[in-house]
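Line by line, the protein sequences give chains D and G.
All residue numbers for the first sequence refer to UniProt numbering, where the first residue is 1 and numbers rise by one.
All residue numbers for the second sequence refer to UniProt numbering, where the first residue is 1 and numbers rise by one.
Where is the CB? At the ideal position from N, CA and C, for every residue including glycine.
Values in this document were obtained by computation on a predicted structure and should not be read as measured data.
Here is the structure we will look at.
Protein chains: 2
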Amino acid sequence: MRALADPLRLQIVSLLAHETLCTTHLIAETGARQTNLSNHLRVLREAGVVETEPCGRYTYYRLRPEVLESLSEKLSALAATARSSADVRRPC
Amino acid sequence: MRALADPLRLQIVSLLAHETLCTTHLIAETGARQTNLSNHLRVLREAGVVETEPCGRYTYYRLRPEVLESLSEKLSALAATARSSADVRRPC
DNA sequence: CGCTGATATCAGCATGGAGTGATCTTCTCT
DNA sequence: AGAGAAGATCACTCCATGCTGATATCAGCG
């Protein structure tokens with residue numbers, strides 16, 4: 001969750017959802033500095049949201065859909081639980 | 001996203017998914033201070049994740065499943081897009 | 001009414017984390 | 001080998017935000 005909570009990181013994830021890109025493309029698309037982008041990409045990498053594929057002197061970043069899918073299912077399950085226990089209320 | 005990115009707030013949401021609670025219960029369950037909890041509840045309220053129902057001198061908090069559901073669908077859509085464009089790669 | 005308990009708000013402090021510039025490594029090309 | 005580009009890491013600054021204590025508000029009860 002925290003990895004996706006930053007606006008720039010969410011933008012990166014949206015871009016990567018459509019195509020695999022390397023850092024240079026992401027710099028061009030987002031307008032962010034290289035260092036800044038590299039930091040955010042590290043966060044996404046350590047959270048398992050993206051994976052890297054070195055290709056010569058470029059580094060391609062690809063989204064890992066499983067992670068998003070898994071988070072989506074967790075939220076959906078929470079929502080379902082909430083719906084089914086809508087009338088449960090602990091008395092004071 | 002940002003509203004759910006905090007661990008304490010996520011805990012609150014998990015608790016509220018099972019039953020509607022008032023602030024006193026949440027204090028007991030989480031062990032957090034009243035002020036702290038009230039601040040987080042405000043964040044969740046302003047994000048539309050929870051809604052309040054004043055009941056005498058108590059304030060009950062209830063989860064709004066639509067919001068979680070909507071976020072879940074957005075993530076799922078992103079994952080689906082990523083899957084379908086897994087082989088799309090912009091050349092450098 | 002005043003007291004007490006529930007909850008919200010305010011102001012201050014402290015820390016995490018985002019942004020930046022400088023530097024280092026590694027790859028490619030000549 | 002040397003130059004230049006891609007990209008990671010480091011060290012630093014600074015701001016957003018989480019936490020706290022004090023205070024305000026309001027409902028219920030004697």
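| Rounded separation between G:Arg45 and G:Asn39 - CA only | For the purposes of this step, residue 45 of chain G is taken as residue 45 along the second sequence, with counting starting at 1. For the purposes of this step, residue 39 of chain G is taken as residue 39 along the second sequence, with counting starting at 1. If you draw a straight line from the Cα of G:Arg45 to the Cα of G:Asn39, it is about 10 angstroms long.
| Considering only residues of the UniProt domain "HTH arsR-type" (1-83) of chain D, which uninterrupted alpha helix (DSSP H) runs meet the minimum length of 4 residues and lie entirely inside it, listed in chain order? | With a minimum length of 4 residues, the continuous alpha helix (DSSP H) runs that stay inside the UniProt domain "HTH arsR-type" (1-83) of chain D are 7-18, 23-30, 34-46.
| Are the C-beta of G:Leu71 and some C-beta of chain D separated by less than 9 angstroms? | For this step, residue 71 of chain G is matched to residue 71 along the second sequence. Yes, G:Leu71 lies at the interface with chain D (some Cβ there is under 9 angstroms from its Cβ).
| said: Whole angstroms are fine: how far does the CA of D:Leu21 sit from the CA of G:Ala79? | reply: Residue numbering aside, residue 79 of chain G sits at position 79 when the second sequence is read from its first letter. Residue numbering aside, residue 21 of chain D sits at position 21 when the first sequence is read from its first letter. Taking the straight line from one Cα to the other gives about 16 angstroms.
| Among G:Glu19, G:Leu10, G:Pro91, G:Asp6, which one has its Cα closest to the Cα of G:Arg62? | For the purposes of this step, residue 62 of chain G is identified with residue 62 of the second sequence, where counting begins at 1. Comparing alpha carbon positions, the residue from G:Glu19, G:Leu10, G:Pro91, G:Asp6 closest to G:Arg62 is G:Glu19.
| Cα-Cα separation between G:Leu10 and D:Glu53, rounded to whole angstroms | Counted from its first residue, the second sequence places residue 10 of chain G at position 10. Counted from its first residue, the first sequence places residue 53 of chain D at position 53. Note on geometry: alpha-carbon atoms of G:Leu10 and D:Glu53 lie some 33 angstroms from one another.
| query | Does any residue of chain G bring its CB to less than 9 angstroms from the CB of D:Leu10? | reply | Start at 1 with the first residue of the first sequence, and residue 10 of chain D comes out as number 10. Using a CB distance cut-off of 9 angstroms, D:Leu10 counts as an interface residue toward chain G.
| request: Tell me whether G:Arg89 sits in a helix, a strand or coil according to DSSP, three-state version. | output: Counted from its first residue, the second sequence places residue 89 of chain G at position 89. G:Arg89 falls in the strand class under three-state DSSP.
| message | Does any residue of chain D have a CB that is nearer than 9 angstroms to the CB of G:Glu66? | response | Within the second sequence, the letter at position 66 stands for residue 66 of chain G. The beta carbon of G:Glu66 falls within 9 angstroms of a beta carbon belonging to chain D, placing the residue at that interface.
| message | With a threshold of 9 angstroms between beta-carbons, can D:Ser85 be considered close to chain G, or not? | response | Counting from 1 along the first sequence, the entry for residue 85 of chain D is found at position 85. At least one CB atom of chain G sits nearer than 9 angstroms to the CB of D:Ser85.
| field | Buried or exposed (CB count within 10 angstroms, at least 16 for buried), G:Pro91 | value | Position 91 of the second sequence holds residue 91 of chain G. G:Pro91 should be labelled exposed.
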